[in-house]
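Asks: In order, the protein sequences belong to chains A and B.
Following the numbering used here, the numbering of the first sequence begins with 1 at its first residue and continues without gaps.
Following the numbering used here, the numbering of the second sequence begins with 1001 at its first residue and continues without gaps.
Beta carbons are placed, not taken as given, at the ideal position from N, Cα and C, and that holds for glycine.
All values derive from a computational prediction rather than experimental measurement.
So that we are looking at the same thing, I have put the structure below in structure tokens.
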Amino acid sequence: MARALEPQEGGRLVTATMPLKIVRPSRSAARGSGEGRWRLLLAAVVLAILLVWEAAVSWLQLVPAVFLPPPTAVAASFVELVVRPDFWSAFGYSLGNLAIGVVLAVVIGVVVGLAVGWFPVLRFTVAPFLWLLYSTPKVALAPLIILILGLGAASQIALVLLLAVFPIMLNTMEGALTVNKSLVNAGRVFGANGIALGVKVLLPGTLPFSLVGIQRGAALGFTGQVLGEFLGGAGGLGHLLERAAFDFQMDDAIAMVIVMVIIANLTLTVIGLLRKRFAPWHDDRATVKAG
Amino acid sequence: MSSLFAAPSGLRAQRGVAGFIAGLSPRGRALLIVTEVVLLLLLWQFLVGTLGLVNAVFFPPPLDVAQGFVELVQQGTLAQNAAVSVQSWLTGFAIAVAIGVPLGLLMGSSVPVDRVFGPIAWTLYAAPAVAYQPLTKAWFGFGTGPVIFLIVISAIFPIMLNLAAGIRTTSPSLIRAARVYGGSRMDVYRKILLPAAVPFLFAGLRQGAVLATIGMVVAELTGSSVGMGAVIIRSANTYNTDQSFAAIMLIVIWSVSMTQLVGLVERWLAPWNRRKGAAS
């Protein structure tokens, strides 16, 4: 179940439970100059879209500019935004909460995921619940979390944790299942048992899977943080965005959305680089076969 | 859900309790899960409802939630709001399929479209759909417009990108074989590429159904006076959390049934795509 593609950096596709590298057929394989040509075409298309947008709004006035400000106005707001001190304090507040929530989710998710993946008793009794919780829309709990923890950082961190923890947990669990038995036996021969076996054999073998989960979890956590700010609480990027839209400062609002798109893509890219750095031995194709 | 109860791939020799469970039939294992759920609900009822260990407003026990459900039905709020939500969901999902499938087909079969449109789609897909919510609220006003927009934007990318990936990753030797046997471009498309992409399409539809529900809830929580999300917000703000929990349960049931429905349609439309030994 839940065998679907997730947003990834650079067209790397991943299932909810298992990395799956989509291999592009040879006709589109990266070939020095060919790759550069596509980039150029992409840039040209993006530029053309922006030109049409600019023309439709400011020259032909098909759409009122208050409604949909032209790209030049959005760019101007963007530049204005990144020099405002309150933007940076909001930025720090949102990303701080996000980081705390994701770190908590990683700790809980990896420990529980390893335990459930490793012990058959837990796998039979607990794993079905985890799958069920994974596939439920947990965003619906947001108002209750705010009711319990109040408006502010605590409820936002809790929301990030709640949304981020399940992909990490389930990917780690699936990863623990694929750890090669002979590696475990070798670990045992060398006297590793209990926690040591978990840390020295199980954790490294599972790491690529956990990182896929962390990538997905961080993206969902960002949703949690923004939603938490929309529903209440001052001082974050989501709050700034909502206020701009509420005041009908659409150029500011679109600039804020662009900031969020950049943050989300940067986060995915950074974790993707971590995956390459810390799990370079991991061969995606091997895991697909294992599944 | 059936994959939950499928026989697990043996990690190591099972002993004790695990061995006993592993020896159970799929039905026996399902029964075990049901027993677990009932025990958990009883425990929750006992700890919160009878002993009062936790404030019942925060975690209303199961009987209170049932009571909240009855209240929602009797007040008529349920029928009214559920109808709005279901209508938005179906409209949004239909639009996402109607736009996503053709775009996915185009992206999968044309390299320039894939190379130009792909990066844009991935970039937008990576950002949380919530971020677009305030813009849509300003554009479409306070109502079902933003809700439908958010459902479309949440569901469209997984459908489109999965379908495109499915077509692109079709085994080249299958395509060559079809060419060798004299298949025209159209034949290759219809008889090789489309059937090969069907499992990917349905994976995308399943993911899209889940994300559509999330988008719907988010939009209704943050900017709508009708719909199930609005019911949750209103009841939580008035401390009727038993009603909130009842509404949340209904949304969960809706989300699970829609993914199951996609699976059913897949088995009906594409019976050749049987899952071989699900991983979990």
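(1) Measuring only the C-alpha atoms, how far is Arg27/A from Asn265/A?
(2) How many Å lie between Gly1263/B and Gly1204/B at the Cα?
(3) Between the segment 189-217 of chain A and chain B, which residues of the former have CB atoms less than 9 Å from a CB of the latter, in chain order?
(4) Under 8 Å, CB to CB, which of the residues in the segment 75-102 of chain A have a partner in chain B?
(5) With DSSP as the reference, label Asp247/A as helix, strand or coil.
(6) CA-CA distance, Phe1200/B and Val106/A?
(7) Tell me the DSSP secondary structure of Ser1110/B in three-state form.
(8) Kindly provide the ranges of any alpha helix (DSSP H) runs that are 4 or more residues long and lie completely inside the segment 1060-1119 of chain B, ordered along the chain.
(9) Three or more C-beta pairs under 8 Å: does that hold for the segment 1133-1142 of chain B against the segment 238-257 of chain A?
(10) Got a sec: is the Cβ-Cβ distance from Met260/A to anything in chain B below 8 Å?
(11) Distance cutoff 8 Å, beta carbons only. Does Val23/A sit that close to anything in chain B?
(12) If we ignore side chains and look at the alpha-carbon of each, how far apart do Val116/A and Gln1260/B end up?
(13) Spell out whether any CB of chain A is found under 8 Å from the CB atom of Gln1087/B.
(14) Quick one: measure Cβ to Cβ for Leu170/A and Gly101/A, integer angstroms, because I've assumed they're closer than 8 Å.
(15) Is Glu54/A close to chain B? Criterion is C-beta to C-beta, closer than 8 Å.
(16) Between the segment 1056-1084 of chain B and chain A, which residues of the former have CB atoms less than 7 Å from a CB of the latter, in chain order?
(17) For Ala1177/B, which residues in the same chain have their Cβ closer than 6 Å to its Cβ, ignoring the five residues on either side in sequence?
(18) Which residues in the same chain have their Cβ closer than 6 Å to the Cβ of Val74/A, if we skip the five residues on either side of it in sequence?
(19) Report the three-state DSSP secondary structure of Leu151/A (helix, strand or coil).
(20) Can you tell me whether Ile271/A is helix, strand or coil according to DSSP?
(21) Taking Gly238/A and Phe248/A to be in contact with their CB atoms under 8 Å, please state how far apart those CB atoms are, rounded to whole angstroms.
(22) Beta-carbon of Arg1179/B versus every beta-carbon of chain A: anything under 8 Å?
(23) Just the Cα atoms here: how many angstroms apart are Thr155/A and Phe78/A?
(24) Evaluate Asn1055/B with the Cβ neighbour count: other Cβ atoms within 10 Å of its Cβ, from every protein chain shown; 16 or more gives buried, anything less gives exposed.
(25) Where does Ala264/A fall in DSSP's three states?
(26) Does the segment 1103-1117 of chain B come close enough to the segment 1245-1258 of chain B that 3 or more CB-CB pairs lie under 8 Å?
(27) CA-CA distance, Leu1269/B and Val1180/B?
Replies: Straight from the coordinates:
(1) Any reading at Arg27/A is ruled out, since the residue's pLDDT is 45, under 50, leaving its predicted position unreliable.
(2) 11 Å
(3) none
(4) none
(5) coil
(6) 29 Å
(7) coil
(8) 1062-1075, 1077-1109
(9) yes
(10) yes
(11) Residue placement at Val23/A is poorly supported in this model, since its pLDDT is 41, which falls under 50; the coordinates still yield a value, given next. It does: the Cβ of Val23/A has a partner Cβ on chain B nearer than 8 Å.
(12) 25 Å
(13) no
(14) The Cβ separation is near 18 Å, so there is no contact.
(15) no
(16) Phe1058
(17) none
(18) Asp251, Ile254, Ala255
(19) coil
(20) helix
(21) So it is not a contact: roughly 18 Å between Cβ atoms.
(22) no
(23) Note on residue identity: the sequence assigns Ser, not Thr, to residue 155/A. Near 29 Å, if we compare the C-alpha coordinates of Phe78/A and Ser155/A.
(24) exposed
(25) helix
(26) no
(27) 28 Å
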